[in-house]
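A quick write-up on the structure given underneath.
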Amino acid sequence: MVGNRLSRLRQYRWSSYRSYAGYERGVQWLWRQPLDRICGGRSEAERCAALRQYTEQPVRQGVLERPWDRLVAGLVLGSESFAWQLRKKQVRANAREQPALRQLEQRLKWPDIVSALERVKGEKWDEFSQRYGDWGRDAALWLGRRRGRYTLGELGQLAGGMDYAAVGQAISRFGKRLQTVAELRRSVKKIEEGL
Numbered sequence: 037m038v039g040n041r042l043s044r045l046r047q048y049r050w051s052s053y054r055s056y057a058g059y060e061r062g063v064q065w066l067w068r069q070p071l072d073r074i075c076g077g078r079s080e081a082e083r084c085a086a087l088r089q090y091t092e093q094p095v096r097q098g099v100l101e102r103p104w105d106r107l108v109a110g111l112v113l114g115s116e117s118f119a120w121q122l123r124k125k126q127v128r129a130n131a132r133e134q135p136a137l138r139q140l141e142q143r144l145k146w147p148d149i150v151s152a153l154e155r156v157k158g159e160k161w162d163e164f165s166q167r168y169g170d171w172g173r174d175a176a177l178w179l180g181r182r183r184g185r186y187t188l189g190e191l192g193q194l195a196g197g198m199d200y201a202a203v204g205q206a207i208s209r210f211g212k213r214l215q216t217v218a219e220l221r222r223s224v225k226k227i228e229e230g231l
């Protein structure tokens, strides 16, 4: 099996690997310099041998990782830690046009959302979550959906047994209030900074 994969790698005629690895001379238009010295070696023969070693050793060891297995959130090709580093650097993108971008955001846990909300409001969840007209519960639902990526059903259970349709309505109402009430936007900003 390994021999078959190595053979296919070495003989696939539509790849430039054969030229880079020294299995054939290659075409004139192929510019080898970017990859030529990447694996080491002083002479052309040493560089080809180093590239072959680097490329073929994982196949010999049975470590066949497809690059797409390392695709994080459909956006970043690399490790999870690399994706988080990019996110920390505030990579700018449009979440509406690239929905997968939201998967790069750290998913918040419900207790963290409630704790941050309690700090900003200055009272406990049990005191304001069931109070008529209080924005606290709806803010928690909105943040849970947006930053915690919870389903409506999950949020309903976390908020004390609400129906998912009622959760959806509460989130929608709160989103509209955020657009019009500046004080509410400031409070939510404080909550998000505390998360």
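Counting in the working numbering, the sequence shown runs from 37 upward without gaps.
Quick reminder that beta carbons are idealized off the backbone N, C-alpha and C, glycines included.
- Under the criterion of beta carbons closer than 8 Å, residue 66 and residue 52 qualify as touching, at roughly 6 Å.
- The beta carbon of residue 57 sits closer than 6 Å to those of 84, 87 and 88, all from its chain and outside the five residues before and after it, given in chain order.
- A direct Cα-to-Cα measurement between residue 165 and residue 143 gives close to 22 Å.
- Only buried fits residue 149, as 16 or more other CB atoms lie within 10 angstroms of its CB.
- Spatial neighbours of residue 155 in its own chain (CB-CB distance under 7 Å, excluding positions within 5 residues in sequence) are listed in chain order as 230.
- By a beta-carbon distance limit of 8 Å, residue 204 contacts residue 188. Their separation comes to about 5 Å.
- Annotation: residue 196 to residue 178 spans about 15 Å, alpha carbon to alpha carbon.
- Where residue 65 is concerned, there is no enclosing alpha helix (DSSP H), because DSSP gives it neither an H nor an E.
- With a 10 Å radius around the Cβ and a threshold of 16 neighbouring Cβ atoms, residue 174 comes out buried.
- With 16 or more neighbouring CB atoms inside 10 Å of its own CB, residue 176 falls in the buried class.
- The criterion of a C-beta distance shorter than 9 Å is not satisfied by residue 186 and residue 161.
- One Cα belongs to residue 191, the other to residue 198, and the distance between them is close to 8 Å.
- Relative to the Cα of residue 228, the nearest Cα in the group 157, 209, 208 and 74 belongs to 157.
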